[in-house]
Amino acid sequence: MSDIIHLLPDSVANQIAAGEVIQRPASVLKELVENSIDAGATFIQIVIKDAGRTLIQVVDNGKGMSETDARMAFERHATSKIQSADDLFALRTMGFRGEALASIAAVAQVELRTKRAGDELGVLVEVAGTRVFKQEAVQCDSGTSFQVKNLFFNVPARRRFLKSDNVEKSHILTEFYRIALVNSSVSFSLFDNDEEIFNLPASNNKIRIESIFGKNAKKRWQQQLLTIETNTNMVSIHGYVGKPEYAQKSANQYFFVNGRYMRHPYFHKAVLLAYNQMIQASESPNYFIYFEVDPQTIDINIHPTKTEIKFENEQAIWSILSAAIKEALGKFNIIPSIDFDQEGAVDMPTRMPVENVRPPQTNFNPNYNPFTTGYKRPTLDWEDLYGGFEKKDEPIASSIDWESDIDMPVSATITQSEQQQTIEQTDSRTDNFQYKNRYILTGIKSGLLMIDQQRAHTRILFDFFLTQIEKSQGITQQVLFPEVLELSADDDLFFEQILPDLQRVGFDFDSAGTNSYRVKGIPAQIEKSSVIDLLLDMLDKAKTTAQDPTASLHESISLTLAEASSLKAGQRLSSEEMSDLIDRLFACANYNFTPDGKKIVTTFTQEELEKRF
Ligand code: ADP
Ligand code: MG
Numbered sequence: 007m008s009d010i011i012h013l014l015p016d017s018v019a020n021q022i023a024a025g026e027v028i029q030r031p032a033s034v035l036k037e038l039v040e041n042s043i044d045a046g047a048t049f050i051q052i053v054i055k056d057a058g059r060t061l062i063q064v065v066d067n068g069k070g071m072s073e074t075d076a077r078m079a080f081e082r083h084a085t086s087k088i089q090s091a092d093d094l095f096a097l098r099t100m101g102f103r104g105e106a107l108a109s110i111a112a113v114a115q116v117e118l119r120t121k122r123a124g125d126e127l128g129v130l131v132e133v134a135g136t137r138v139f140k141q142e143a144v145q146c147d148s149g150t151s152f153q154v155k156n157l158f159f160n161v162p163a164r165r166r167f168l169k170s171d172n173v174e175k176s177h178i179l180t181e182f183y184r185i186a187l188v189n190s191s192v193s194f195s196l197f198d199n200d201e202e203i204f205n206l207p208a209s210n211n212k213i214r215i216e217s218i219f220g221k222n223a224k225k226r227w228q229q230q231l232l233t234i235e236t237n238t239n240m241v242s243i244h245g246y247v248g249k250p251e252y253a254q255k256s257a258n259q260y261f262f263v264n265g266r267y268m269r270h271p272y273f274h275k276a277v278l279l280a281y282n283q284m285i286q287a288s289e290s291p292n293y294f295i296y297f298e299v300d301p302q303t304i305d306i307n308i309h310p311t312k313t314e315i316k317f318e319n320e321q322a323i324w325s326i327l328s329a330a331i332k333e334a335l336g337k338f339n340i341i342p343s344i345d346f347d348q349e350g351a352v353d354m355p356t357r358m359p360v361e362n363v364r365p366p367q368t369n370f371n372p373n374y375n376p377f378t379t380g381y382k383r384p385t386l387d388w389e390d391l392y393g394g395f396e397k398k399d400e401p402i403a404s405s406i407d408w409e410s411d412i413d414m415p416v417s418a419t420i421t422q423s424e425q426q427q428t429i430e431q432t433d434s435r436t437d438n439f440q441y442k443n444r445y446i447l448t449g450i451k452s453g454l455l456m457i458d459q460q461r462a463h464t465r466i467l468f469d470f471f472l473t474q475i476e477k478s479q480g481i482t483q484q485v486l487f488p489e490v491l492e493l494s495a496d497d498d499l500f501f502e503q504i505l506p507d508l509q510r511v512g513f514d515f516d517s518a519g520t521n522s523y524r525v526k527g528i529p530a531q532i533e534k535s536s537v538i539d540l541l542l543d544m545l546d547k548a549k550t551t552a553q554d555p556t557a558s559l560h561e562s563i564s565l566t567l568a569e570a571s572s573l574k575a576g577q578r579l580s581s582e583e584m585s586d587l588i589d590r591l592f593a594c595a596n597y598n599f600t601p602d603g604k605k606i607v608t609t610f611t612q613e614e615l616e617k618r619f
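If you want this note's numbering, it's the position in the sequence shown, counting the first as 1, plus 6.
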């Protein structure tokens, strides 16, 4: 067997976009694992220590290198993957620049052991800061093992530039996912400080996706993935898109082309547009989309990090992609079909006579008070807050007690007996009225206030939880049958960041093994059901928050808790509950808007009301 690595002539080297230098442990991992893939490995083992600062090791069972190649591999522009500039347009390999090993060896201590299947002995090469320290024959398995130790040992400034272990690890996982998701026929194992955090057997793309992201909720992932599949002369597209109801703020979104991860903002738009009107503006669908095209029709050379790729037929592929996703969503009846054809349909009266309406069953509990577990704020004379609206010397206002006489629009579905009930519960102190079990109307001196009950309660609880987090005052209610929260490795990194805050607000956890927690206690104020979903939601939002330097993690947690436990529109309130809600709302510093900026209170001034008569 002959040697295969050669130096690229300058004319070719100069045509290649300058490779990115090694920035952090994750870049080393990416380059080494890509080399293993290019070497035809079917098994790749990765070991990192101290988030890659001390050690990044990649062991593969690929084709290995000859003695000369093992030495040559560390030269700049030394590659076995391309020969001429033309080859750049027919790339089938991940690497082609011949720069990675040279760049790594320049800033770390590297130990390479490699052997080709047909050779009796392998070779050991030790390089540090571009100097070769050792080269000798060794006994080793076929394949290649790279150990990269003490990254940036000779560039202290770069070493200091590295972020916390958690951040570096999450970069490592990002690179790992990008490779593992598109090489599902290769088995991977990943050790972090001696603990195996991934063991992925060879499988298919779908199972790979589920085993990476569905670690904590496999079912959730199995249920949500819709298959897309389309084959044309220009492109074949296959993969999976998430059902709209599983959209999330920080969704998992992956494009791959010819086995390589890519970013593609233009195609991303195509995906989002296919989901138009199906998901909230703030959320986005999960997707894993694999493109196969003739390598001649793409240019992966345009961007040094190799994640942005130019397609020759971008517009056409955009349309094909868009159609494929719409078809997948449509097939599963997710796009509501509107059928205007009324022929032969029974002509239903749009309004039923009132006397035929059966009284709706209401399950409200007159003793329900959503605030009994919270602490009582001193009641403010909140009407004074609106005193500014009051018009002096207004003859009508002083002569007519119109407040008690307002003719409220009564929903047709409220029956006589229900109205009776409402009236019976109204105490003499207030004349609050709940409209459609959604808004509270209340008269004040200067007019009429309309309060969105759900938003009001969200604001009250948000302020409450925020104080608890900041003062560590959370009250815990013990859970009788603790549920277990299982997280993926990178979710766990984030979870650890919010864990102390969750404990401050009243959560109580036990460890339940690797990346898993037993939820022993929850804040006294929250509903017991779906605690795991709530925690996952909180994690999801915390991740988004972490990306925004202006956002506060405490606020994000408080808001998620408040939204999850606030009373909902449609919930019937007694008069006492309404007064309580109003008092508590106006005790909040910002009673006009929810923490995420939605209006809580609207005022109809007396003047406006009078104009209507
Ligand atoms: P590139 O991947 O762009 O060719 P690198 O600097 O990453 O450049 O690697 C240089 C060469 O070393 C590769 O072209 C390949 O021949 C060889 N090589 C690197 N890693 C491995 C590996 N794990 N197994 C076999 N050969 C390898
Ligand atoms: Mg390479």
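Positions of the beta carbon are idealized from the N, C-alpha and C atoms, including for glycine.
Report yes if the C-beta of L97 is less than 6 angstroms from at least one heavy atom of ligand 1; otherwise report no.
-> As a first step, residue 97 must be located in the sequence shown, where it is residue number 91. No, since every heavy atom of ligand 1 falls outside the 6 angstroms radius drawn around the Cβ of L97.
Which first and last residues belong to the alpha helix (DSSP H) in which M78 is found?
-> One-based indexing of the sequence shown puts residue 78 at position 72. It spans E73 to M78 - the alpha helix (DSSP H) in which M78 sits, taken as one unbroken run.
Mind checking which residues open and close the beta strand (DSSP E) that includes P488?
-> Stepping through the sequence shown from its first residue, residue 488 is reached at position 482. Start and end: T482 to E492.
Taking three-plus beta-carbon pairs below 8 angstroms as touching, is the stretch 177–186 in contact with the stretch 153–163?
-> no
Which parts of the stretch 168–202 are runs of the alpha helix (DSSP H), unbroken and 4 residues or longer, counting only runs that do not cross its ends?
-> 171–186
Measuring from the CB of T550, is there a heavy atom of ligand 1 at a distance below 6 angstroms?
-> Residue mapping note: residue 550 aligns to position 544 of the sequence shown, counting from 1. T550 Cβ: outside cutoff for every heavy atom of ligand 1.
Within its chain, find whatever has a CB closer than 6 angstroms to the CB of F95; leave out the 5 residues flanking it on each side and keep chain order.
-> As a first step, residue 95 is located in the sequence shown; it is residue number 89 there, counting from the start. The residues are Q302.
Neighbour-count burial assignment, Q286, 16 or more Cβ in a 10 Å radius = Taking the first residue of the sequence shown as position 1, residue 286 is located at position 280. Exposed: under 16 other Cβ atoms inside 10 Å.
Residues that DSSP places opposite I234 in a beta bridge | Position 228 of the sequence shown, counted from the first residue, corresponds to residue 234. According to DSSP, which records beta bridges pairwise, I234 is partnered with G245.
Backbone secondary structure at F294 - three-state DSSP | Mapped onto the sequence shown, residue 294 falls at position 288. Reduced to three states, the DSSP call for F294 is strand.
When the Cα atoms are used, what is the spatial distance from S530 to S564?
-> Counted from its first residue, the sequence shown places residue 530 at position 524. Counted from its first residue, the sequence shown places residue 564 at position 558. The sequence shown places Ala at residue 530, not Ser. About 14 angstroms.
Helix, strand or coil: which one does DSSP assign to I306?
-> The residue given as residue 306 occupies position 300 in the sequence shown. Looking at I306 - three-state DSSP - the assignment turns out to be coil, as it is neither helix nor strand.
Within 6 angstroms of ligand 2: residues by beta-carbon to any heavy atom = E37, E40, N41, G101 and A106
Does DSSP classify F500 as helix, strand or coil?
-> By 1-based counting over the sequence shown, the position of residue 500 is 494. If DSSP states are grouped into helix, strand and coil, F500 belongs with the helices.
Compute the minimum distance between the beta carbon of T85 and the heavy atoms of ligand 1, and state whether it is under 6 angstroms.
-> Counted from its first residue, the sequence shown places residue 85 at position 79. Flag set: Cβ of T85 near ligand 1.
Is it right to say E476 is buried, meaning 16 or more other beta carbons lie within 10 angstroms of its own, or is it exposed?
-> Within the sequence shown, numbered from 1, the residue matching residue 476 stands at position 470. Exposed.
State the Cα-Cα distance for the pair K1 and S517, rounded to the nearest angstrom.
-> For the chain, the structure presents residues 7 to 619; residue 1 sits outside this window and is missing.
Neighbourhood of P31 by C-beta, 8 angstroms cutoff - its chain only, sequence neighbours within 5 removed | Reading the sequence shown from its first residue, position 25 is the one you call residue 31. Taken in chain order, the residues that qualify are I54, A57, G58, R59, I62, L157, L168, E174, H177 and I178.
Any chance the stretch 71–90 sits against the stretch 182–198, with 3 or more Cβ pairs inside 8 angstroms?
-> no
Is the closest heavy atom of ligand 1 to the C-beta of R103 under 6 angstroms?
-> Taking the sequence shown and counting its residues from 1, the one referred to as residue 103 is at position 97. R103: yes, Cβ under 6 angstroms from ligand 1.
Ignore the nearest five residues each way along the sequence and tell me which others in I326's own chain have a CB closer than 7 angstroms to its CB.
-> Taking the sequence shown and counting its residues from 1, one reaches residue 326 at position 320. Result list for I326: T236, T238, V241 and I243, in chain order.
Can you name the start and end residues of the alpha helix (DSSP H) that Q321 belongs to?
-> Counting from one through the sequence shown, the residue named residue 321 turns up at place 315. From DSSP, the alpha helix (DSSP H) with Q321 extends over E320 to K337.
A334 vs Q460 beta-carbon contact at 7 angstroms = Translated into positions along the sequence shown, residue 334 becomes position 328. Translated into positions along the sequence shown, residue 460 becomes position 454. Not in contact: A334 and Q460 (Cβ atoms no closer than 7 angstroms).
Nearest-angstrom Cα separation, counted from F610 out to G393 = The sequence position of residue 393 within the sequence shown is 387, counting from 1. The sequence position of residue 610 within the sequence shown is 604, counting from 1. The predicted model places G393 with a pLDDT of 49, which falls under 50 and marks its position as unreliable; any figure quoted below should be read in that light. Cα to Cα, the separation comes out at about 13 angstroms.
Identify the continuous beta strand (DSSP E) that holds E569 and give its terminal residues.
-> Taking the sequence shown and counting its residues from 1, one reaches residue 569 at position 563. Run containing E569: none in the beta strand (DSSP E); it sits in the alpha helix (DSSP H), L559 to S571.
Contact the stretch 197–216 vs the stretch 477–491: 3+ CB pairs below 8 angstroms | no
Let me know the secondary structure DSSP gives V131 once reduced to three states.
-> In the sequence shown, counting from the first residue as 1, residue 131 sits at position 125. DSSP places V131 in strand when its eight states are reduced to three.
Report yes or no: do the stretch 565–572 and the stretch 462–478 share at least 3 C-beta pairs separated by less than 8 angstroms?
-> yes
Distance, Cα to Cα, S256 vs D546?
-> By 1-based counting over the sequence shown, the position of residue 256 is 250. By 1-based counting over the sequence shown, the position of residue 546 is 540. Rounded to whole angstroms, S256 to D546 spans 7 angstroms at the Cα level.
In the DSSP assignment, what residue or residues form a beta bridge with Q259?
-> In the sequence shown, the residue the question calls residue 259 occupies position 253. DSSP lists Y293 as partners of Q259.
F102 versus D93 - alpha carbon distance | Here residue 102 corresponds to residue number 96 of the sequence shown, with the count starting at 1. Here residue 93 corresponds to residue number 87 of the sequence shown, with the count starting at 1. Distance between the alpha carbons of F102 and D93: 9 angstroms.
Beta-carbon proximity of M71 to T136, cut-off 7 angstroms | For this step, residue 71 is matched to residue 65 along the sequence shown. For this step, residue 136 is matched to residue 130 along the sequence shown. No; because the gap between Cβ atoms is not below 7 angstroms, this pair is not in contact.
Compare the C-alpha of T171 against each of A570, D496 and L559 and name the closest.
-> Within the sequence shown, numbered from 1, the residue matching residue 171 stands at position 165. First, the amino acid is wrong: residue 171 is Asp here, not Thr. Nearest C-alpha to D171: D496.
Bridge partners of E314, per DSSP?
-> Here residue 314 corresponds to residue number 308 of the sequence shown, with the count starting at 1. In DSSP, E314 forms a bridge with R269.
Could you tell me if Y374 is buried or exposed, where buried requires 16 or more neighbouring beta carbons within 10 angstroms of its beta carbon?
-> In the sequence shown, the residue the question calls residue 374 occupies position 368. Because Y374 carries a pLDDT of 47, less than 50, the predicted location of this residue cannot be relied on, and the following value inherits that uncertainty. Label assigned to Y374: exposed.
DSSP beta-bridge partners of I457 = Here residue 457 refers to the residue found at position 451 of the sequence shown. For I457, which the question treats as bridged, DSSP gives the partners I446 and V607.
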